[in-house]
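Chemist:
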Amino acid sequence: MNEDAYLLARARAVRIVPLTAVGAADGLSVLRRAADDVQRRLVDVEAAGGPAVMVRWAPDVEPVSGAVGDPLTHREAAPSQSLTLGAAVRLCWPDPELTLYPGGAVAEEDVLAACVPPGDGLLREGMALIAQTSAYRSALRVLRACGYLAADAGDGMVRLGPVVAAWSERDVDELRRGYDLLPCQVEEG
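See below:
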């Protein structure tokens, strides 16, 4: 295996490569060239230790992840995961005119509360309490493990993850058009 292919395989395996690990500009250009050779691209992301890169498919090349309806190759996100991701995106991205990634940080409790349906304030408080240990809390763990949300830093905050940085401009534009449909906690007055 040549050195370029090895670097690319390692970058894909570890998911996020800190720029300090890549080394000098030569190391980054070698990794970028290796990615380009196989229709991939490097996406700049923020990691715990500072700037980093992540290997993703080149625009308009990403293959379908299995045949729809085939349970062995196609996996749909659970509704709780989709709702939790929608709430996190909305709350971490308060202004859709700005860039989506890296966005801001928001308290986990705010994301969980945004997943609870609007209604009676007392009922809402009770449901928000249940949400602390429910499928929504589990969805946060899954979304972090998959890279949609940043790894848990232990500070009780939710941040958008590196996978969001790799979303196409077309996908982000779609989110902008439907921004008001994303779940968010509405202050009841």
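Residues 1271 to 1459, numbered by this note's numbering, are exactly what the sequence shown covers, in order. Just so it is clear, CB atoms sit at the ideal spot from N, CA and C, and this is done for glycine as well. In this text the structure is predicted, and so the values were computed from the model without any measurement.
Would you say D1314 faces chain D, with C-beta separation under 9 Å as the test?
Modeler: Of the chains in the structure shown, none is chain D; there is only one protein chain.
Chemist: In terms of residues, what are the limits of the beta strand (DSSP E) holding G1373?
Modeler: Here residue 1373 refers to the residue found at position 103 of the sequence shown. Per DSSP, G1373 belongs to no beta strand (DSSP E) and is neither H nor E.
Chemist: Kindly list the residues whose CB is nearer than 8 Å to the CB of T1290, restricted to its own chain and excluding five residues on each side of it in sequence; keep chain order.
Modeler: For the purposes of this step, residue 1290 is taken as residue 20 along the sequence shown, with counting starting at 1. So the qualifying residues of the chain are G1319, G1320.
Chemist: How is the beta strand (DSSP E) around G1356 delimited, first residue to last?
Modeler: As a working note, residue 1356 is residue 86 in the sequence shown. From DSSP, G1356 is part of no beta strand (DSSP E) but of the alpha helix (DSSP H) over 1349-1362.
Chemist: Pair every Cβ in the region 1359-1369 with every Cβ in the region 1427-1443, then say whether three or more of these pairs are closer than 8 Å.
Modeler: At 8 Å Cβ cutoff, the stretches touch.
Chemist: For A1281, which residues of its own chain have a beta-carbon under 7 Å away from its beta-carbon, when the five flanking residues on both sides are left out?
Modeler: Your numbering for residue 1281 matches position 11 in the sequence shown. Answer for A1281: V1287, L1301, V1325, listed in chain order.
Chemist: Does the count of Cβ pairs from the region 1442-1452 and the region 1408-1416 closer than 8 Å reach three?
Modeler: At 8 Å Cβ cutoff, the stretches do not touch.
Chemist: In its own chain, which residues sit with a C-beta less than 6 Å from the C-beta of A1347, not counting the 5 before and 5 after it?
Modeler: As a working note, residue 1347 is residue 77 in the sequence shown. Cβ neighbours of A1347 beyond the five flanking positions: none.
Chemist: May I have the straight-line CA-CA distance separating V1386 from Y1418, to the nearest angstrom?
Modeler: As a working note, residue 1386 is residue 116 in the sequence shown. As a working note, residue 1418 is residue 148 in the sequence shown. So the two alpha carbons sit approximately 21 Å from each other.
Chemist: Taking only runs of the beta strand (DSSP E) that begin and end inside the region 1299-1335, which ones reach a length of at least 3 residues, in chain order?
Modeler: Runs found: 1310-1317, 1320-1327.
Chemist: Could you check where the beta strand (DSSP E) with V1287 kicks off and where it finishes?
Modeler: Position 17 of the sequence shown, counting from 1, holds the residue named residue 1287. Unbroken beta strand (DSSP E) run through V1287: 1286-1288.
Chemist: Is it buried or exposed, V1284, if we count other Cβ atoms within 10 angstroms and call 16 or more buried?
Modeler: Numbered from its first residue, the sequence shown carries residue 1284 at position 14. The residue is exposed, with fewer than 16 neighbouring Cβ atoms inside 10 Å.
Chemist: For the alpha helix (DSSP H) that contains L1413, what are its first and last residues?
Modeler: Translated into the one-based positions of the sequence shown, residue 1413 becomes position 143. Residues 1405-1415.
Chemist: Suppose the cutoff is 6 Å on Cβ atoms and the five residues either side in sequence are ignored; what does the same chain contact list for G1373 look like?
Modeler: Sequence index remark: in the sequence shown, residue 1373 carries index 103 (1-based). Excluding positions up to five away in sequence, the list reads C1362, W1363, L1430.
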